[in-house]
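Asker: Can you read through this structure? Questions will come right after.
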Amino acid sequence: MRRRDFEQIVRDRLALERGRIDKHAPFRVALTYPSPYRVAMSSLGFQQIYKQIQLEPGMCCERFFLPEDAGTGLFDERPLSYESLRPLSDFPVIAMSVAYELELGGVVQLLEASGVGALREERDPRQPLVVCGGPLTFSNPLPLGAFADAIVMGEADAIVAEVMRVIRDAPSKEAAIADLAKMPHVYVPEVHGDELPDVAKCPDELLPAWSPIRTPDTELSDMFLIEAERGCSRRCTYCVMRRTTNGGMRLVSKDRLLELIPEDAKRVGLVGAAVSDHPEVIPLVQTLVDRGAEVGLSSLRPNRLSDPFVEVLKAAGYRTLTTAMDGASQRMRAVLDRGAKEQHLYNAAELTRKHRVARLKLYLMLGVPGEADEDVDECVETVKELSKICPIALTIAPFCAKRNTPLDGQPYAGIKVVEKRVNRLKRGLKGRADVRATSARWAWVEYVLAQGGWPEGRAVFRAVSLGGRFAHYRKAFAEREEKTTRRQLFVIRDEPNPDGRQMMRWMDHAE
Numbered sequence: 004m005r006r007r008d009f010e011q012i013v014r015d016r017l018a019l020e021r022g023r024i025d026k027h028a029p030f031r032v033a034l035t036y037p038s039p040y041r042v043a044m045s046s047l048g049f050q051q052i053y054k055q056i057q058l059e060p061g062m063c064c065e066r067f068f069l070p071e072d073a074g075t076g077l078f079d080e081r082p083l084s085y086e087s088l089r090p091l092s093d094f095p096v097i098a099m100s101v102a103y104e105l106e107l108g109g110v111v112q113l114l115e116a117s118g119v120g121a122l123r124e125e126r127d128p129r130q131p132l133v134v135c136g137g138p139l140t141f142s143n144p145l146p147l148g149a150f151a152d153a154i155v156m157g158e159a160d161a162i163v164a165e166v167m168r169v170i171r172d173a174p175s176k177e178a179a180i181a182d183l184a185k186m187p188h189v190y191v192p193e194v195h196g197d198e199l200p201d202v203a204k205c206p207d208e209l210l211p212a213w214s215p216i217r218t219p220d221t222e223l224s225d226m227f228l229i230e231a232e233r234g235c236s237r238r239c240t241y242c243v244m245r246r247t248t249n250g251g252m253r254l255v256s257k258d259r260l261l262e263l264i265p266e267d268a269k270r271v272g273l274v275g276a277a278v279s280d281h282p283e284v285i286p287l288v289q290t291l292v293d294r295g296a297e298v299g300l301s302s303l304r305p306n307r308l309s310d311p312f313v314e315v316l317k318a319a320g321y322r323t324l325t326t327a328m329d330g331a332s333q334r335m336r337a338v339l340d341r342g343a344k345e346q347h348l349y350n351a352a353e354l355t356r357k358h359r360v361a362r363l364k365l366y367l368m369l370g371v372p373g374e375a376d377e378d379v380d381e382c383v384e385t386v387k388e389l390s391k392i393c394p395i396a397l398t399i400a401p402f403c404a405k406r407n408t409p410l411d412g413q414p415y416a417g418i419k420v421v422e423k424r425v426n427r428l429k430r431g432l433k434g435r436a437d438v439r440a441t442s443a444r445w446a447w448v449e450y451v452l453a454q455g456g457w458p459e460g461r462a463v464f465r466a467v468s469l470g471g472r473f474a475h476y477r478k479a480f481a482e483r484e485e486k487t488t489r490r491q492l493f494v495i496r497d498e499p500n501p502d503g504r505q506m507m508r509w510m511d512h513a514e
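Going by our numbering, the sequence shown opens with residue 4, and the numbers climb by one from there.
Encoded structure:
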């Protein structure tokens with residue numbers, strides 16, 4: 004993209020934004036998101052950190068995003084800020100929010116295109132200090148340690164400003180890194196190795212997070228985002244945000260939420276891991292409907308759906324009722340420790356039909372540990388029966404075990420296995436339901452990173468350098484495995500050897 008075209012896009016987007024906090028300050032932070040603008044500005048976490056920095060005296064931030072046409076490999080386009088069109092390399096600190104594993108490719112792309120360099124150990128003291136945070140830190144940020152000088156673990160609301168002050172006040176980059184390593188909840192790879200500190204918990208009095216900027220040019224067009232609650236009271240075995248994470252579910256009262264939601268907000272998004280579990284959710288949505296707003300909830304649990312709840316959701320603009328089927332069978336839902344039962348799915352279908360919602364959309368995981376073809380066949384029969392009640396859409400995601408969950412360490416079912424079961428579902432439901440699935444191949448990449456460490460992060464760098472396609476990730480991970488095997492063989496062979504050249508060849512190949 005030519006610079007003049009980029010500048011025009013930025014001008015157009017800034018003109019559409021409402022609520023932006025324009026500010027100039029001596030200490031400037033490059034606030035970066037490794038996905039395009041439309042995705043980034045739909046992230047409540049990203050907007051919350053933007054707000055925290057902008058409200059801190061003496062500092063401000065400028066936003067950077069991955070270009071829409073970046074592709075998956077390296078690109079030549081130098082990232083420029085939306086606020087001043089300055090390059091990423093001009094800033095003393097790059098603060099980057101990373102939501103999940105597959106965004107690591109975007110981290111590499113942005114840092115390499117800026118000239119900063121993605122790999123942490125290859126940057127010199129003159130280059131910006133790279134600090135990362137975001138939802139990924141609740142699970143496994145170790146692969147991110149290949150790129151970040153420091154990682155803020157968990158809920159950064161209350162500590163991000165202090166982290167920036169430490170960096171600002173340090174006499175050098177080296178001193179800043181040393182000072183950050185002493186802070187609670189901050190992981191510094193070169194100091195801590197693979198030992199991760201505890202995740203930070205935002206004080207309840209600072210809740211909720213809400214988005215200062217509204218714009219139509221996002222995935223959630225012109226929607227005001229606000230947390231109805233944080234965390235979850237449930238114990239699903241696959242989920243990082245369980246009742247044991249940061250005190251479980253923390254509620255924000257209806258009155259407090261209504262106080263913060265602007266009267267002119269015509270679209271409101273209630274965000275949280277378990278919004279439908281909020282005890283005041285129905286009167287909250289009804290009040291917003293009475294204001295003339297459309298309302299969206301980030302999570303609907305099937306066992307929480309009731310006649311008055313779906314009635315108010317329909318009044319709030321719902322055209323699709325979206326909830327989770329989770330496992331393919333009741334047996335698999337038990338493995339996932341979900342409260343949902345088949346009767347809840349039938350109830351959801353009946354309510355969809357009664358309130359004339361266009362369709363019922365169900366999320367499903369395949370490849371759950373212990374799953375068999377019989378479980379997939381049970382899913383086919385269940386969805387067939389549901390489709391007699393209302394139109395059904397089925398969205399499938401392969402199961403990926405995450406760190407800090409009871410199912411941590413469970414193997415990936417396999418690309419061919421998942422694809423076979425998706426096809427089995429599609430054949431069984433042909434003409435009865437709209438079945439769509441995310442890529443089993445990219446889910447495998449996600450799984451490798453979710454279970455990996457620094458070597459897997461470096462493999463992402465290698466994959467993106469090759470072009471960033473799945474074949475490149477497979478090649479990079481294979482090279483990583485080969486290096487690991489070579490190192491193990493070298494240790495086994497670490498004995499007196501009259502031919503030192505042979506041992507040296509093992510070391511050269513390993514490194």
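Even for Gly, the Cβ is constructed at its ideal location relative to N, Cα and C.
Relative to the alpha-carbon of Arg23, which residue among Arg246, Trp213, Phe78 and Leu83 has its alpha-carbon at the smallest distance?
Answerer: The shortest Cα separation from Arg23 among Arg246, Trp213, Phe78 and Leu83 belongs to Trp213.
Asker: Let me know the alpha helix (DSSP H) ranges lying completely inside the stretch 198-273, each 4 residues or longer, listed in chain order.
Answerer: 257-263
Asker: For the stretch 240-256 against the stretch 264-273, are there 3 or more C-beta pairs whose distance is under 8 Å?
Answerer: no
Asker: Does the beta-carbon distance from Arg253 to Asp225 come in below 8 Å?
Answerer: No, Cβ-Cβ distance for Arg253 and Asp225 is not below 8 Å.
Asker: Any idea if Met4 is buried or exposed, counting beta-carbon neighbours within 10 angstroms, 16 or more meaning buried?
Answerer: With a 10 Å radius around the Cβ and a threshold of 16 neighbouring Cβ atoms, Met4 comes out exposed.
Asker: Just to confirm, is the Cβ distance from Arg356 to Cys393 under 8 Å?
Answerer: With contacts defined by Cβ atoms closer than 8 Å, Arg356 and Cys393 form a contacting pair.
Asker: What does a CB cutoff of less than 6 Å around Cys135 pick up in its chain, not counting 5 residues either side in sequence?
Answerer: Counting only residues of its own chain and dropping the five nearest sequence neighbours on each side, Cys135 has a CB closer than 6 Å to the CB of Met99, Val101, Leu147, Ala151 and Ile154.
Asker: Please classify Gln346 as buried or exposed, where buried requires at least 16 other C-beta atoms within 10 Å of its C-beta.
Answerer: exposed
Asker: Secondary structure at Phe68, three-state DSSP: helix, strand or coil?
Answerer: In the displayed model, Phe68 falls within a strand according to three-state DSSP.
Asker: Return the residue from the list Arg233, Thr221 and Glu193 that minimises the CA-CA distance to Glu208.
Answerer: The option with the nearest alpha carbon to Glu208 is Arg233.
Asker: Relative to the ligand HEM, is the shortest distance from any of its heavy atoms to the C-beta of Ser45 smaller than 7 Å?
Answerer: With respect to the ligand HEM, the structure offers nothing, as it holds no ligand at all.
Asker: When DSSP builds the beta bridges, which residues end up paired with Lys486?
Answerer: BP columns for Lys486 are empty, so no partner.
Asker: Which whole-angstrom value describes the C-beta separation of Leu367 and Ile399, a residue pair presumed to lie in contact below a C-beta threshold of 8 Å?
Answerer: 5 Å
Asker: Keeping to the same chain, check which residues put their C-beta closer than 8 Å to that of Ala203; ignore five residues upstream and five downstream.
Answerer: Val155, Met156, Gly157, Glu158, Ala159, Ala161, Ile162, Pro187 and His188
Asker: What does the alpha-carbon distance come out to for the pair Arg129 and Gly456?
Answerer: 27 Å
Asker: If you follow the beta strand (DSSP E) that Gly120 is part of, which residue opens it and which one closes it?
Answerer: It is not in any beta strand (DSSP E) - Gly120 carries neither H nor E in the DSSP assignment.
Asker: The beta strand (DSSP E) spanning Gly136 covers which residue range?
Answerer: Leu132 to Gly136
Asker: In terms of alpha-carbon separation, which member of Gly320, Val292, Ile52 and Leu107 lies closest to Cys205?
Answerer: Nearest option by C-alpha distance: Ile52.
Asker: Below 7 Å CB to CB, which residues in the same chain sit around Glu165 once its five sequence neighbours on both sides are set aside?
Answerer: none
Asker: Would you check if the distance between the CB atom of Val278 and the CB atom of Ala231 is smaller than 8 Å?
Answerer: Yes.
Asker: Curious, which full-length alpha helix (DSSP H) runs of at least 4 residues does the stretch 413-437 contain?
Answerer: 418-431
Asker: For the alpha helix (DSSP H) holding Glu353, just list the boundary residues, first then last.
Answerer: Glu345 to Lys357
Asker: According to the neighbour-count rule (16 or more other Cβ atoms, all chains shown, within 10 Å of its Cβ), is Leu19 buried or exposed?
Answerer: exposed
Asker: So, with DSSP's three-state summary, where would you put Pro394?
Answerer: In this structure, Pro394 counts as coil in the three-state DSSP scheme.
Asker: Going by the beta-carbon positions, is the gap between Val194 and Ala184 smaller than 8 Å?
Answerer: yes
Asker: Let me check one thing: in DSSP terms, what residues is Phe30 bridge-paired to?
Answerer: Answer is Met62.
Asker: According to DSSP, what are the bridge partners of Ala153?
Answerer: Answer is Val134.
Asker: Which value, in whole angstroms, describes the spacing of the CA atoms of Glu86 and Phe67?
Answerer: 9 Å
Asker: By DSSP, does Leu113 sit in helix, in strand, or in coil?
Answerer: helix
Asker: Does DSSP put Pro187 in a helix, in a strand, or in coil?
Answerer: coil
Asker: Would you check if the stretch 280-299 and the stretch 329-337 touch, i.e. whether three or more CB-CB distances between them fall below 8 Å?
Answerer: Using a C-beta cut-off of 8 Å, the stretch 329-337 makes no contact with the stretch 280-299, since fewer than three inter-stretch Cβ pairs fall below that distance.
Asker: Taking 6 Å as the limit between beta carbons, can you name the residues of its chain near Lys405, skipping five residues before and five after?
Answerer: Ser142, Val243 and Ala453
Asker: Keeping to the same chain, check which residues put their C-beta closer than 6 Å to that of Phe473; ignore five residues upstream and five downstream.
Answerer: Arg444
Asker: Give me, in chain order, the residues of the same chain whose beta-carbon lies closer than 6 Å to that of Ala149; leave out the 5 immediate sequence neighbours on both sides.
Answerer: Here Ala149 has Trp457, Gly460 and Arg461 as same chain residues with Cβ atoms under 6 Å from its own Cβ, once five neighbours each way along the sequence are excluded.
Asker: When the Cα of Tyr415 is compared with those of Ala436, Val383, Arg439 and Glu374, which residue comes out closest?
Answerer: Glu374
Asker: Let me know if Glu222 comes out buried or exposed under the rule of 16 or more other beta-carbons within 10 Å of its beta-carbon.
Answerer: exposed
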